[in-house]
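Straight run, no breaks: the sequence shown in the working numbering ends on number 716. Even for Gly, the Cβ is constructed at its ideal location relative to N, Cα and C. Predicted model only: the values in this text are computed from it and were never measured. To start, the structure under review is shown below, and the notes come after it.
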Amino acid sequence: MKIRALLAGWIVSVAVVFGAEAAAKKHPITHEELWLMKRIGAPVPSPDGKWVVFSVTEPAYDAKEQSTDLWLKSLTDDTPARRITYTKAPEGGVNWSPDSASIVFTTRREGDEASQIYRLNLNQPGEAERLTSLTLGARSPKFSPDGKQLLFVSDVFPGANDEDAIKKAAKERKDRKYNARAYEQFPPRFWMAWLDDKKAHLFVMDAKAGAKARDLLAGSKLAELPGFGGGQGDDGQNLETEWAPDSSGVVLSVSTNRDAAAREPVYAQLYFVATSGGEPKRLTNDQSSYGNLQFSPDGKTLFCVTDPNTIDKVYDLSRLASFPWPFDAAKKKILTANLDRSVGRYALPEGSDRIYFTFEHAGIEQLHSVSYAGGDVRDEPSMTYGTTGGLNAGGKALVGTWDSVSNPAEIYAFNGALKRLTSFNAEKAATLDLPGVEHFEFKASDGMTIHNMIVRPAGFDAAKKYPLLVVIHGGAANMWHDTFVLRWNYHLLAGTEYVILLTDYKGSTGYGEEFARSIQLDPLRGPGNHVNEAADEAVKRFAFIDGTRMAAAGASYGGHLANWLQATTTRYKCIISHAGEADLIMQWGTSDSIWGREVNSGGPVWGDSAVWREQSPVLQAGNHAKGTGFKTPILVTVGELDFRVPMNNALMWFALNQRLGAPSKLIVFPEAGHWILRGEDSRYWYGEVRGWLAKYLK
């Protein structure tokens, strides 16, 4: 693969494309321009490869005015995309009928108490037809290969095995005089929601309005297991499913040890359930997780992404795997065993013996492929910078999204020559001064090679000296991407005043399994050292950076590291910490994740691992008296509904800084969770951040 060479070529192109002359006619991006950019969803191509449907969100500062509608684009000619739904309610979960004549999707329209499934015939004029009217709603619809049945996921209450029982149970809960939550399993809450006793079940119905849905898991021993459940998402639990090629049943990925989440990794195994009913049959029987299920176009192979869940490791690569169909667990094949990267999305175009997929590497995501036999990973035609995502295949068509730090996402076709299919934001982006990223690497003091990107400010003048803002990514199993982002937008942070430094410290993804695992037993000190050394290296390399005026900022794991830097160094003029942990032990006991924290810190909090104490930010408070920490002014922000890094962390960190007399400010967003997603909250947050930087860097 030629990734390194491509990166080198992009470094040269940055200086040419984004020079002062090219930027002269453009202006810096404003929050309004960023927030109101149309947001393009992952494309879903039709089975015949002639059409693609995707969502377009038209944002607004008032959420009631925001809309997400579906659009249709031909893949056989250059006819512009056209809008096919016109409601305020967001629509998603699109799935095509096998004859490519209609789609189903989920939405909550007027009169719906929960999201329901709708069908839209694309060959006839008219409105979408509602197919379900379930008390707890429906999601993730999928047509059977023969087009006669529809599969979907819906929630059920314990002991409620039909719609009448579910409706009765829902009314009983609504009519309760008391208000309390009770739990016997961990976690009681997830990301920004308290969990309840509902479970996701699998339903099937004839693909027509008025048809009665059948719960394929009702009364099964599998669904009665205490640890039964699907992946937890924003809309509750979800079961990942794929129809068998002959429409006789469904393969599903499901966990059975969710009740043990506090003491071991939760893993998802494969099962088969017949549409005729009966107990689901277990297909895999190991400690790995399996997901992202797809059958080959000829129906002879089941593909998936698998993770081995190594119990004593903080990170495992996700690899592409296959099983023959009919299923034979003994013939499992790992197709990307020789690739030291995690596989992202993948797609299976008809007429090809190769699987197309993306993976993270040094700030970019490109298109790659591997044969059905595995082993021979190769690069495929795609952009040599930026981020390729949303990959899907229909017929012979291969489509996805592409964006970069300078180009908001649009829909592309990847069949040989790359072809852009939409231009929703191109005209607006052309008026904005959006400098590209510049890559560089250095060898850290511990011998590790550390990859970085910088972003120059709008209206860049090489004769000037600019302060440096070091922005630290979350994760830590993540990397900085050459991508157009809404939160922590590089250009909005940079404005015309600051150079942005983006460092992939130890523990980041995109550099192999060993690099990602290197954070284990060194959660904050080592990554913090890499961030500091990267700042020093940037000052050495780029004469336009003023090394006497530096700031650091981060969110989530980046917030953890921002707090660590405030506790252990005085090199920065100010720091911004969003959703940052104050104490490793408190974070262990109050967040929605326990096991991974124990693995990362060397055992339980009551054990003999010194990491819990030596790398807990709050326990470094003695550095204040030494003059080596807690001197830097810090802005602390947090969402009150954040249950991943609960607000008590921010309260403790602010209290500690106030106790030590360090300049500090706390901002709490009552309606925000881990991320600040409301438009006006976002505008206020960016304003406060830039105000904090201006106060201490000018």
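Between residue i and chain C, is any beta-carbon pair separated by less than 8 Å?
{"i": "Asp87", "result": "Of the protein chains in the structure, only one exists, and it is not chain C."}
Note the first and the last residue of the continuous alpha helix (DSSP H) segment covering residue i.
{"i": "Thr586", "result": "575 to 586"}
{"i": "Tyr714", "result": "697 to 715"}
{"i": "Gln605", "result": "602 to 608"}
{"i": "Asn547", "result": "543 to 559"}
{"i": "Asp182", "result": "181 to 192"}
Given a threshold of 16 other Cβ atoms within 10 Å of its Cβ, counted over all protein chains shown, does residue i qualify as buried or as exposed?
{"i": "Ser31", "result": "Because Ser31 sits at a pLDDT of 36, beneath the cut-off of 50, its placement in the model cannot be relied upon, and the following sentence gives the value as read from the coordinates. Counting Cβ neighbours within 10 Å, Ser31 comes out exposed, since fewer than 16 surround it."}
{"i": "Ala23", "result": "Confidence at Ala23 is low in this model, with a pLDDT of 40, below 50, so the placement of that residue is unreliable and no value is reported for it."}
{"i": "Lys217", "result": "buried"}
{"i": "Gly721", "result": "Residue coverage of the chain in this structure runs from 19 to 716, which leaves residue 721 outside it and unanswerable."}
{"i": "Lys591", "result": "buried"}
{"i": "Ala33", "result": "Note on Ala33: pLDDT 37, under 50, position unreliable in the model; no value is reported."}
{"i": "Glu616", "result": "buried"}
{"i": "Glu698", "result": "exposed"}
{"i": "Ser463", "result": "exposed"}
{"i": "Ala78", "result": "exposed"}
{"i": "Ile429", "result": "buried"}
{"i": "Lys524", "result": "buried"}
{"i": "Glu260", "result": "buried"}
{"i": "Ala198", "result": "exposed"}
{"i": "Asn141", "result": "exposed"}
{"i": "Tyr201", "result": "exposed"}
{"i": "Ser340", "result": "buried"}
{"i": "Gly408", "result": "buried"}
{"i": "His45", "result": "exposed"}
On a Cα-Cα basis, can you pick out the residue from the options that is closest to residue i?
{"i": "Pro98", "options": "Val291, Phe442, Ala561, Gln605", "result": "Phe442"}
{"i": "Met210", "options": "Asp554, Ser314, Asp660", "result": "Asp660"}
{"i": "His642", "options": "Pro664, Leu678, Ile612", "result": "Leu678"}
{"i": "Asp394", "options": "Trp420, Asp193, Leu338, Ala476", "result": "Leu338"}
{"i": "Ala495", "options": "Gly530, Trp506, Asp479, Val503", "result": "Gly530"}
{"i": "Val112", "options": "Tyr702, Ser64, Lys68, Arg127", "result": "Ser64"}
{"i": "Leu152", "options": "Glu145, Gln134, Val269", "result": "Gln134"}
{"i": "Gly369", "options": "Gln203, Gly165, Pro545, Gly413", "result": "Gly413"}
{"i": "Trp693", "options": "Gly705, Leu711, Thr655, Val707", "result": "Thr655"}
{"i": "Arg359", "options": "Glu532, Glu181, Trp613, Gly709", "result": "Glu532"}
{"i": "Leu579", "options": "Arg567, Asp564, His596", "result": "His596"}
{"i": "Leu542", "options": "Asp554, Leu504, Thr646, Leu602", "result": "Leu602"}
{"i": "Asp346", "options": "Ala512, Arg300, Asp371", "result": "Arg300"}
{"i": "Asn310", "options": "Ala585, Val269, Glu282", "result": "Val269"}
{"i": "Gly237", "options": "Val291, Gln255, Arg194, Arg191", "result": "Val291"}
Looking at the unbroken beta strand (DSSP E) that takes in residue i, where does it start and where does it end?
{"i": "Gln203", "result": "Neither: Gln203 is in no beta strand (DSSP E) and is coded neither H nor E."}
{"i": "Glu76", "result": "69 to 76"}
{"i": "Val455", "result": "455 to 461"}
{"i": "Trp114", "result": "110 to 114"}
{"i": "His469", "result": "467 to 473"}
{"i": "Gln384", "result": "382 to 389"}
{"i": "Asn618", "result": "Where Asn618 is concerned, there is no enclosing beta strand (DSSP E), although the alpha helix (DSSP H) it sits in stretches over 613 to 619."}
{"i": "His692", "result": "Here His692 belongs to no beta strand (DSSP E), and DSSP marks it neither H nor E."}
{"i": "Val663", "result": "That residue, Val663, is in no beta strand (DSSP E); it is neither H nor E in DSSP."}
{"i": "Glu131", "result": "That residue, Glu131, is in no beta strand (DSSP E); it is neither H nor E in DSSP."}
{"i": "Leu311", "result": "307 to 313"}
{"i": "Lys446", "result": "Taken as a continuous stretch (DSSP letters only), Lys446 belongs to no beta strand (DSSP E), being part of the alpha helix (DSSP H) at 444 to 447."}
Would you mind stating whether residue i and residue j have Cβ atoms separated by less than 8 Å?
{"i": "Leu385", "j": "Tyr403", "result": "no"}
{"i": "Pro108", "j": "Thr125", "result": "yes"}
{"i": "Val272", "j": "Tyr289", "result": "yes"}
{"i": "Leu583", "j": "Val549", "result": "yes"}
{"i": "Val663", "j": "Gly598", "result": "yes"}
{"i": "Ala552", "j": "Thr588", "result": "no"}
{"i": "Val171", "j": "Trp114", "result": "no"}
{"i": "Met665", "j": "Val636", "result": "no"}
{"i": "Glu147", "j": "Arg157", "result": "no"}
{"i": "Asp80", "j": "Thr103", "result": "no"}
{"i": "Phe502", "j": "Ala427", "result": "yes"}
{"i": "Ser422", "j": "Asp500", "result": "yes"}
{"i": "Phe562", "j": "Ile472", "result": "no"}
{"i": "Phe161", "j": "Ala225", "result": "yes"}
{"i": "Leu149", "j": "Asp173", "result": "no"}
{"i": "Gly620", "j": "Ser627", "result": "yes"}
{"i": "Arg567", "j": "Pro485", "result": "yes"}
For residue i, verify whether its CB is less than 7 Å away from any heavy atom of the ligand NAP.
{"i": "Gln287", "result": "Of the ligands one can find in the structure shown there are none, so the ligand NAP has no counterpart to examine."}
Measure the beta-carbon distance from residue i to residue j and round it to whole angstroms, keeping in mind my assumption that it falls under 8 Å.
{"i": "Asn179", "j": "Asp233", "result": "7 Å"}
{"i": "Val489", "j": "Gly572", "result": "7 Å"}
{"i": "Gly528", "j": "Ala380", "result": "6 Å"}
{"i": "Thr534", "j": "Tyr333", "result": "Residue identity check: residue 534 is Ala in the sequence provided, not Thr. Their Cβ separation, rounded to whole angstroms, is 4 Å, which keeps Ala534 and Tyr333 in contact under 8 Å."}
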